[in-house]
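Some notes on the structure that comes next.
There are 2 protein chains.
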Amino acid sequence: MADLADWRCRIDEIDGELVTLLNERASCAREIGEIKHETGLEVHDPNREKQILDRIRNINTGPFGNDELVGIFETIIASCRKIEM
Amino acid sequence: MADLADWRCRIDEIDGELVTLLNERASCAREIGEIKHETGLEVHDPNREKQILDRIRNINTGPFGNDELVGIFETIIASCRKIEM
Chain A
1 MADLADWRCR IDEIDGELVT LLNERASCAR EIGEIKHETG LEVHDPNREK
51 QILDRIRNIN TGPFGNDELV GIFETIIASC RKIEM
Chain B
86 MADLADWRCR IDEIDGELVT LLNERASCAR EIGEIKHETG LEVHDPNREK
136 QILDRIRNIN TGPFGNDELV GIFETIIASC RKIEM
């Protein structure tokens, strides 16, 4: 069994990758926001958000339970929605 | 400019990668939880959590602002803490 410092080091690496991906997701949201503004679409799209969360549940293999993972994605989606505004 | 469907497709790809990384982070948290239980350490470690969030602020290059990104990581950390329990 690796020691605490090793696991924390791995978490730091994962967090670095998460920051990159989350900011890439925010960049996509910004582009989507521009398209929505140009075409007169509403920023808030509950059907699309439901589709995203359903997909998260379907591809989740744990150890996070679906409720935990969906909770994290609800936070991510809400933050991206602000970027789209 | 790519269209809405293309950006949504990229977001779906990113979400798949996020799910994998978040579950890997949860696996690390489970291992850390076991070590803490075996060695009598407290699961809740505010100093370590502060260190993680400070690091997130330092490596963030946007477009997410630090407050948004830290908010997302607070949700991730809280979910991982439950896994450690």
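Sequence lines, in order, name chains A and B. FYI, this note's numbering numbers position 25 of the first sequence as 25, with every residue one higher than the one before it. Converting from the second sequence to this note's numbering requires adding 85 to each position, the first position being numbered 1. Virtual Cβ for every residue (Gly too), placed ideally from N, Cα, C.
Secondary structure of residue i, DSSP reduced to three states
i                     : result
residue 131 (chain B) : helix
residue 149 (chain B) : coil
residue 125 (chain B) : coil
residue 88 (chain B)  : coil
Member of the options whose CA lies at the smallest distance from the CA of residue i
i                     : options                   : result
residue 93 (chain B)  : A:71, A:60, A:55 and A:69 : A:55
residue 154 (chain B) : A:4, A:51, A:19 and A:14  : A:19
residue 124 (chain B) : A:78, A:12, A:4 and A:36  : A:4
residue 149 (chain B) : A:78, A:51 and A:58       : A:78
Same chain only: Cβ atoms within 7 Å of residue i, ignoring 5 sequence neighbours per side
i                     : result
residue 165 (chain B) : 110, 111 and 114
residue 138 (chain B) : 155 and 158
residue 60 (chain A)  : 66 and 69
Proximal residues to residue i (C-beta, below 8 Å), its chain only, five neighbours per side dropped
i                    : result
residue 33 (chain A) : 43, 83, 84 and 85
Anticipated Cβ contact below 8 Å, residue i with residue j, distance rounded
i                     : j                    : result
residue 108 (chain B) : residue 62 (chain A) : 6 Å
Any non-hydrogen atom of the ligand FMN closer than 8 Å to residue i Cβ
i                    : result
residue 53 (chain A) : Ligands are entirely absent from the displayed structure, and the ligand FMN is therefore not among its contents.
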